[in-house]
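Asks: Okay, here's the structure, questions in a sec.
There are 2 protein chains.
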Amino acid sequence: MFTETIRRNVSQQPAARVVQPVKVKPVGLDGPIEKMGAPMQFGRGAEIYGEGEPTDYVYKVVSGAVCTYRVLTDGRNQVESFYLAGDIFGFELGGEHSLSAEATINSKLLMMRRSAIIALAERDSSVARQLWMISAKELQRAQEHLILLVKTAQERVVCFLLEMAARTPGANEIDLPMSRRNIADYLGLTIETVSRVVTQLESSGAIVLDTSRHIILRSRKALSCMNS
Amino acid sequence: MFTETIRRNVSQQPAARVVQPVKVKPVGLDGPIEKMGAPMQFGRGAEIYGEGEPTDYVYKVVSGAVCTYRVLTDGRNQVESFYLAGDIFGFELGGEHSLSAEATINSKLLMMRRSAIIALAERDSSVARQLWMISAKELQRAQEHLILLVKTAQERVVCFLLEMAARTPGANEIDLPMSRRNIADYLGLTIETVSRVVTQLESSGAIVLDTSRHIILRSRKALSCMNS
DNA sequence: CGACCATTTGATATGGATCAAGCGATGTGG
DNA sequence: CCACATCGCTTGATCCATATCAAATGGTCG
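Quick note, the sequences are listed as chains A and B, same order. Throughout the first sequence, residue numbering follows this note's numbering, covering 44 to 271 in sequence. Throughout the second sequence, residue numbering follows this note's numbering, covering 44 to 271 in sequence.
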């Protein structure tokens with residue numbers, strides 16, 4: 044059982060309301076893996092785990108969003124992936140995390156003991172298969188991301204918007220659950236460049252910025268032409 | 044059994060001597076997976092498989108070198124990975140290859156039926172584990188590659204040289220089994236930039252270019268300072 | 001209302017791309 | 001065996017996309 048009290052640093056940013064981790068009811072989650080999970084809250088900017096920490100837990104996003112990233116020697120953060128509701132992350136093969144993870148907005152996560160999952164996978168081959176699929180998806184995502192990084196700034200931003208739209212229920216509206224900084228770190232650009240491209244996409248009529256985080260895709264066709 | 048005769052396109056480049064695939068004796072290879080393999084020769088530049096082709100075979104490099112890549116819409120090739128002697132590649136989860144693969148120099152490969160390997164994995168859990176490890180390594184490699192692509196040209200080239208040195212037996216000498224074009228496509232740079240950086244590394248005394256493909260690392264320390 | 005961030009916008013600098021030419025090795029045909 | 005064609009690589013000159021530096025704007029919360 045999972046009974047210990049875990050406290051996580053909640054971001055130092057003044058903006059981050061200090062949300063102490065509390066257990067909440069698991070809702071809308073099924074499957075043998077999720078059954079073992081303990082739900083926790085993480086405030087915006089809160090570190091979930093750091094590079095080099097032991098891979099004791101695997102996480103599932105119940106609500107909110109998480110990014111995994113690596114801190115480069117020059118201080119930049121390279122974001123590897125964003126995880127949205129329903130996504131599982133933190134399942135790395137080695138004994139310690141090769142990336143850090145933090146909540147990009149206030150988020151509710153299911154924490155599951157890695158050892159329990161692995162034990163379960165040994166008894167239940169469908170679980171083993173599920174884990175395998177998670178890794179495979181992760182690799183695919185990394186490969187797509189790799190391609191992104193050799194494109195132009197406009198192409199990167201457009202790809203990102205289309206990717207987010209595809210992963211979000213509402214067809215042509217996206218609520219970006221991360222800051223421009225997070226996006227820039229994902230795309231290997233500066234926040235200024237991201238901002239400029241977004242502005243320019245709006246001028247061209249391809250998108251509308253309802254607010255900076257709520258974007259409406261006006262013309263998929265126009266965007267698709269720009270994404271590569 | 045694997046008895047059909049397979050012919051592969053050997054590069055159109057005049058430089059590529061036309062080496063017809065022939066079966067050769069498997070040497071220095073053990074393990075249940077390798078036992079099932081049929082050795083084949085591929086000439087420099089020969090395509091091993093193309094994006095979208097069915098993932099019928101898994102390959103092991105006996106000698107030579109292979110790269111996997113994706114063709115971008117603007118005609119560039121983004122190289123995802125290089126595979127050297129001993130490396131296994133082509134094992135993708137979906138039914139078709141998401142990347143293309145070609146020999147960067149004349150190479151000898153072991154071709155194994157994917158279905159046979161999967162069947163074997165179901166009977167032999169150690170094989171399943173081995174496959175798992177291959178995927179995990181692949182993901183790690185992709186993540187490192189991702190980081191590479193947000194660095195400066197010099198850092199990328201230095202990282203590449205150090206990576207190759209680490210994967211090569213001879214401690215401080217590397218025989219690059221690929222062209223500048225392959226390297227540039229891997230690093231997301233132009234051949235001119237790669238060439239300039241290499242030249243500059245030689246001027247600084249960090250390396251010596253015996254020939255353009257045979258490089259001696261003079262000062263690991265100096266290189267390590269530059270790799271990030 | 002006022003402070004604080006996040007984001008946008010503007011001006012300038014620069015690293016790497018592009019365009020172009022030269023060089024050196026390797027193989028070919030006379 | 002040598003002249004030549006070819007290809008891979010290097011070197012040079014210029015241009016441009018994006019970074020950097022700087023400042024204005026806007027949204028949110030106390």
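Virtual Cβ for every residue (Gly too), placed ideally from N, Cα, C. All values reported here derive from a predicted model rather than from experimental measurement.
Could you spell out where the alpha helix (DSSP H) holding residue 111(B) opens and where it closes?
Replies: For the purposes of this step, residue 111(B) is taken as the residue at position 68 of the second sequence. It is not in any alpha helix (DSSP H) - residue 111(B) instead sits in the beta strand (DSSP E) that spans 108–114.
Asks: If residue 107(B) sits next to residue 140(B), beta carbons under 8 angstroms apart, how far is it from one beta carbon to the other, in whole angstroms?
Replies: Here residue 107(B) is taken as the residue at index 64 of the second sequence, counted from 1. Here residue 140(B) is taken as the residue at index 97 of the second sequence, counted from 1. That pair is no contact at about 19 angstroms.
Asks: Less than 6 angstroms between C-beta atoms, sequence neighbours within five positions excluded: which residues of the same chain meet that for residue 159(B)?
Replies: Residue 159(B) sits at position 116 when you count from the first residue of the second sequence. Only 79 meet the Cβ criterion.
Asks: Taking a Cβ distance cut-off of 7 angstroms, strictly less, list which residues of the stretch 185–218 of chain B are near chain A, in chain order.
Replies: Of all residues in the stretch 185–218 of chain B, 185, 186, 188, 189, 190, 192 and 193 have a Cβ within less than 7 angstroms of some Cβ in chain A.
Asks: If you measure from the beta carbon of residue 173(B) to each beta carbon in chain A, is any gap under 8 angstroms?
Replies: The residue given as residue 173(B) occupies position 130 in the second sequence. Cβ-Cβ to chain A under 8 angstroms: no for residue 173(B).
Asks: Determine whether the Cβ of residue 248(B) lies closer than 8 angstroms to any Cβ atom of chain A.
Replies: In the second sequence, counting from the first residue as 1, residue 248(B) sits at position 205. With 8 angstroms as the cut-off, residue 248(B) does not count as an interface residue toward chain A.
Asks: Give the straight-line distance between the Cα atoms of residue 260(B) and residue 226(B), rounded to the nearest whole angstrom.
Replies: Here residue 260(B) corresponds to residue number 217 of the second sequence, with the count starting at 1. Here residue 226(B) corresponds to residue number 183 of the second sequence, with the count starting at 1. Cα-Cα distance, rounded: 17 angstroms.
Asks: Beta-carbon separation of residue 86(A) and residue 143(A) under 8 angstroms?
Replies: As a first step, residue 86(A) must be located in the first sequence, where it is residue number 43. As a first step, residue 143(A) must be located in the first sequence, where it is residue number 100. No, they are not a contact pair.
Asks: Where does residue 185(A) land, buried or exposed, given buried means 16+ other C-beta within 10 angstroms?
Replies: Residue numbering aside, residue 185(A) sits at position 142 when the first sequence is read from its first letter. By the 10 Å Cβ count, residue 185(A) comes out buried.
Asks: Nearest to residue 202(B) by CA position, among 77(B), 270(B), 91(B) and 129(B), is which residue?
Replies: The residue labelled residue 202(B) in the question sits at position 159 within the second sequence. Here the closest residue by C-alpha is 270(B).
Asks: Any chance the CB of residue 167(A) is under 7 angstroms from a heavy atom of the ligand FMN?
Replies: Inclusion of the ligand FMN in the displayed structure is not the case, the ligand content being empty and no account of it being possible.
Asks: Between residue 254(B) and residue 90(B), what straight-line distance do the alpha-carbon atoms span, to the nearest angstrom?
Replies: Position 211 of the second sequence, counted from the first residue, corresponds to residue 254(B). Position 47 of the second sequence, counted from the first residue, corresponds to residue 90(B). Cα to Cα, residue 254(B) sits roughly 27 angstroms from residue 90(B).
Asks: Please report how far the alpha carbon of residue 147(B) lies from the alpha carbon of residue 245(B), in whole angstroms.
Replies: For the purposes of this step, residue 147(B) is identified with residue 104 of the second sequence, where counting begins at 1. For the purposes of this step, residue 245(B) is identified with residue 202 of the second sequence, where counting begins at 1. Each residue's alpha carbon lies about 24 angstroms from the other.
Asks: So what's residue 234(A) in DSSP terms, helix, strand or just coil?
Replies: Your numbering for residue 234(A) matches position 191 in the first sequence. Residue 234(A): helix per DSSP, three-state reduction.
Asks: Answer with yes or no whether the minimum CB distance from residue 123(B) to chain A is below 8 angstroms.
Replies: Translated into the one-based positions of the second sequence, residue 123(B) becomes position 80. By this cut-off, residue 123(B) is an interface position.
Asks: Does chain A have any CB closer than 8 angstroms to the CB of residue 236(B)?
Replies: In the second sequence, the residue the question calls residue 236(B) occupies position 193. Answer no: the Cβ-Cβ gap between residue 236(B) and chain A never drops below 8 angstroms.
Asks: Return yes when the Cβ of residue 136(A) is within less than 8 angstroms of the Cβ of residue 103(A), no when it is not.
Replies: If you number the first sequence from 1, residue 103(A) lands on position 60. If you number the first sequence from 1, residue 136(A) lands on position 93. It is not a contact, given that the beta carbons lie outside the stated cut-off.
Asks: Looking at the C-beta of residue 72(B), does it have a partner C-beta in chain A at a distance below 8 angstroms?
Replies: In the second sequence, the residue the question calls residue 72(B) occupies position 29. Interpretation of residue 72(B) is limited by its pLDDT of 40, a score under 50 that renders its predicted location unreliable; no figure is taken from the coordinates.
Asks: Consult DSSP for residue 271(A) and reduce its assignment to one of helix, strand or coil.
Replies: Sequence index remark: in the first sequence, residue 271(A) carries index 228 (1-based). Residue 271(A): coil per DSSP, three-state reduction.
Asks: Leaving out five residues before and five after residue 131(A) in sequence, what residues of the same chain have Cβ atoms less than 6 angstroms from its Cβ?
Replies: As a first step, residue 131(A) is located in the first sequence; it is residue number 88 there, counting from the start. Within the same chain, residue 131(A) has close Cβ partners 103 and 177.
Asks: Can you name the residues of chain B whose CB is closer than 7 angstroms to the CB of residue 179(A)?
Replies: The residue given as residue 179(A) occupies position 136 in the first sequence. Chain B residues near residue 179(A): 136 and 178.
Asks: Quick one: is residue 212(A) buried, meaning 16 or more other Cβ sit within 10 Å of its Cβ, or exposed?
Replies: Taking the first sequence and counting its residues from 1, the one referred to as residue 212(A) is at position 169. So residue 212(A) ends up on the exposed side.
Asks: Under 8 angstroms, Cβ to Cβ, is there at least one residue of chain A near residue 254(B)?
Replies: Counting from 1 along the second sequence, the entry for residue 254(B) is found at position 211. With 8 angstroms as the cut-off, residue 254(B) does not count as an interface residue toward chain A.
Asks: Rounded to whole angstroms, what's the CA-CA distance from residue 168(B) to residue 183(B)? Just pull it up for me.
Replies: If you number the second sequence from 1, residue 168(B) lands on position 125. If you number the second sequence from 1, residue 183(B) lands on position 140. One C-alpha to the other measures close to 22 angstroms.
Asks: I'd like to know whether the C-beta of residue 298(B) is nearer than 8 angstroms to at least one C-beta of chain A.
Replies: Residue 298(B) falls outside the range modelled here, since chain B spans only 44 to 271, and no answer is possible.
Asks: With DSSP as the reference, please indicate the residues paired to residue 181(B) in a beta bridge.
Replies: Position 138 of the second sequence, counted from the start, is the residue given in the question as residue 181(B). Beta-bridge pairing links residue 181(B) to no other residue.
Asks: Assign residue 191(A) to one of two classes, buried (16 or more other C-beta atoms within 10 Å of its C-beta) or exposed (fewer than that).
Replies: Along the first sequence, one-based indexing puts residue 191(A) at 148. Residue 191(A) comes out buried.
Asks: Taking all protein chains shown into account, decide if residue 220(B) is buried (16 or more other Cβ within 10 angstroms of its Cβ) or exposed.
Replies: By 1-based counting over the second sequence, the position of residue 220(B) is 177. By the neighbour-count rule (16 or more Cβ atoms within 10 Å), residue 220(B) is buried.
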